[in-house]
Each structure stands twice: as structure tokens, then as C-alpha cells.
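Numbering (the numbering used here), first residue to last: 579 to 870. All C-beta atoms in this analysis are idealised placements derived from N, C-alpha and C, irrespective of residue type, glycine included. As C-alpha cells, the structure follows; a few thoughts come after it.
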Amino acid sequence: MTNINKWWLLVLVALPTLSTCLSTNVVMSALVSIGQTFPDVAGIGEWTLLIYSMTAASLSILAGVLGDRYGLRKMYTIGLIIFLLGALGASFATTGESLLVFRSLSGIGSAILAPVALAFLNRIFSGVEKPIAFGYWAATITIGNVIGPFLGGLIQSISSWRLTFPIAALPALIALAFAGILPAYKPGNTRKNIDIKGIAYLSALPAVILFTLAMAGRLNPSSIIIFLSLIGIGFFTFWKHLNKTENPVIDLQILENYKWWRPSIIQLIIRCLFMAMLILLTGYFHSIQGLS
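Structure follows, in C-alpha cells:
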């Protein structure tokens, strides 16, 4: 594989990542319009964002396992198709409930694309090229986070909120058109047992955490305490499971390499703060200032 081919493959892998970021940030500018279109569903705007994020976060580990088991290019193509179907369906949704169903579908596609993209980069690049490739790939996340709200505002000013979903999905559509040029890596060791229980924990915990954070303002104190207790119990039992399982979904030995997890935690905190401020400011301008 030549260097030119490698870097073109990087672009191909990064395009869906850009779409998945835009699918969150572009929609922020359309929350008020979506709420006006479907007033019968309480908090439809917030749920349009939340259900996508919950699905993507909850299923990403499972998607990574399936990519190793059934082949990266196959899972990459499936993820693109699911994501695009969700975006197309959301743009033509006739009810608030159907909009949320299609957003969940896009979330499933997003959950598949993220770990598969990382797996592709890990196999395509090696040596000094690998960190450079991962840096360029990560840059698409920043680009999506920065231009998303501006693009969403532009769409709102000239057209309908229904265009936000297909426009955000355009990079993914381009990637699907050229998916066949990606290398068809053979599946990994399919005889290794899948940690179903561990995957279930990793699917449930992010969903419960996101739901608790999103609904905290509407829940009474006793309900918040119950959800926080469930999260604490879940983490405790998950940790015990990882320590006693032969092939856990997360190998705890990686925590011994502090050079890996400390920068990752710092990056996670920075991104969470950025997204929190973006969501808070969006809610302020929409709900308090009454702006689009």
C-alpha cells in the first residue's frame, strides 16, 4: 500500500466521523423549530439530541467487538447504511415519535462507525505515521464541533430544520460511495468468547448516566438519588466482573499504562466541558433569549 493510498484512506475513514459530529452539533440550532413542529411530544428537541448520544455511547463497545469478529469493512459499510437511513428518515419524520426512532437508528450507525474507524487507522498506519494519522482523524471531530452550530444556523436561516439531517450526513454518503476501496481485513479470532455481560454493563451505564444528567432538572430529589445509586452499584459490579472474568470486554491491565489513560482522561474532560458549554449556551439563547 503506497503512502498516497494510505492518506486517501484516512480521508475516507474520517468523513463518517465528521458526519457523526455534525449530526449532533448541526441539530442544536434546530431544537426550537423541531419543538414547534412536534409540540405534542414534551422536550422533543432535547430528546432529539439525547437519544442519538445515548445510543451511540451505549453500543460503541459492542460495535467494536463485532468489527473484530466479522470484518472491519463489512461493519463499516453496515454502519454507514444504518446512519444514512436514520438521517433520511429523520428528515421526513411525520411525528415526534418517528423522529426519535430514526435518531436512534442514526445513533446505532454512529456507534458502529467510531470504533471501526479507529481500528482501520490502527491497521493501515504504523510507526511514526500512526500518531499523525490519529491526529488528523481527531481534527475532524474538532472541525465538526466548531462548524456544526454555524452550519445549523445557516440552514435555519435559509430553509427548514428537515435539511439539517441529510446535510450533516453528506460526508458519510461520500464515504459509502467509496467504501469498496478500503482493505478487507480478515476477522480476528472468532473463537474467543465475547464478554456479553461486560458489554451489557458498558451499554447500560452510559445510557443511565446520560439520562440522569439530561433529566436532572425534571426529576425529584428521591428519583435522582435512586438513579445515582443505580450508577454507583453498576460501576461496582462492573469492576468486580472485570476482575474475575477470563476475557473481559476491557482489560484492566491497560490502566497500568498511565501514559495512555491520563491524556485520554484529560481529553475527555476537555471535550465534556466544551459540549456542556455548547449545550448550555444553546439552551440559554433558545429558551431565555428566544433566539433561533
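Output yes or no for whether 7 Å exceeds the beta carbon distance between Leu637 and Ala753. no
Can you give the Cα-Cα distance for Lys652 and Ile721, rounded to whole angstroms? 27 Å
Taking Glu624 as part of the alpha helix (DSSP H), name the residues at either end of that continuous run. 622-648
Within 10 angstroms of its Cβ, does Gly730 collect 16 or more other Cβ (buried), or is it exposed? buried
Does the distance from the C-beta atom of Gly687 to that of Gly667 stay below 7 Å? no
Check Tyr714 in the structure and name its three-state DSSP category. helix
Taking C-alpha atoms, which residue in Ala785, Lys775, Leu732, Pro784 lies nearest to Lys822? Lys775
Let me know the secondary structure DSSP gives Ala747 once reduced to three states. coil
Hey, quick one: how far does the alpha helix (DSSP H) through Ser611 stretch, first residue to last? 609-615
Going straight from the alpha carbon of Ala635 to that of Ala785, what length do you get? 7 Å
Please name the residue, chosen from Gln867, Leu588, Lys584, that lies closest to Tyr714 on a Cα-to-Cα basis. Leu588
Classify Gly674: buried if its beta carbon has 16 or more other beta carbons within 10 angstroms, exposed otherwise. buried
If Trp739 sits next to Ile612, beta carbons under 8 Å apart, how far is it from one beta carbon to the other, in whole angstroms? 6 Å
Output yes or no for whether 7 Å exceeds the beta carbon distance between Phe661 and Ala671. no
Can you grab the Cα-Cα spacing for the pair Ala747 / Leu741, in whole Å? 10 Å
Between the beta-carbon of Leu658 and the beta-carbon of Ala782, is there less than 7 Å? no
Thinking C-beta only, is Ala641 closer than 7 Å to Ile710? no
For a test of the three-state rule: what should DSSP assign to Ala671, helix, strand or coil? coil
For Asn583, three-class secondary structure by DSSP: helix
With burial defined as no fewer than 16 other Cβ atoms inside 10 Å of the residue's Cβ, what is the status of Leu791: buried or exposed? exposed
Which word fits Val706, buried or exposed, when buried means at least 16 other C-beta atoms lie within 10 angstroms of its C-beta? exposed
Is it the case that the CB of Gly810 approaches a heavy atom of the ligand PLP more closely than 6 Å? Of ligands this structure carries none, so the ligand PLP is not represented either.
Cutting at 6 Å between CB atoms, please list the residues of its own chain near Phe743, excluding the five before and the five after it. Ala665, Ala668, Ser669
Do Ser607 and Pro727 come within 7 Å of each other at the CB atom, strictly closer than that value? yes
Run through DSSP, which three-state label would Ser676 get? helix
Three-state class that DSSP yields for Ala785 in the structure shown: helix
Would you grab the beta carbon distance between Leu780 and Ile639 for me? Rounded to a whole angstrom, and I think it's under 8 Å. 5 Å
How long is the line joining the alpha carbons of Met632 and Trp625, rounded to whole angstroms? 10 Å
Can you tell which of Asn583, Ala697, Val643, Val604 has its C-alpha closest to the C-alpha of Ile828? Val643
If the criterion is Cβ atoms closer than 7 Å, does the pair Tyr654 and Arg701 meet it? no
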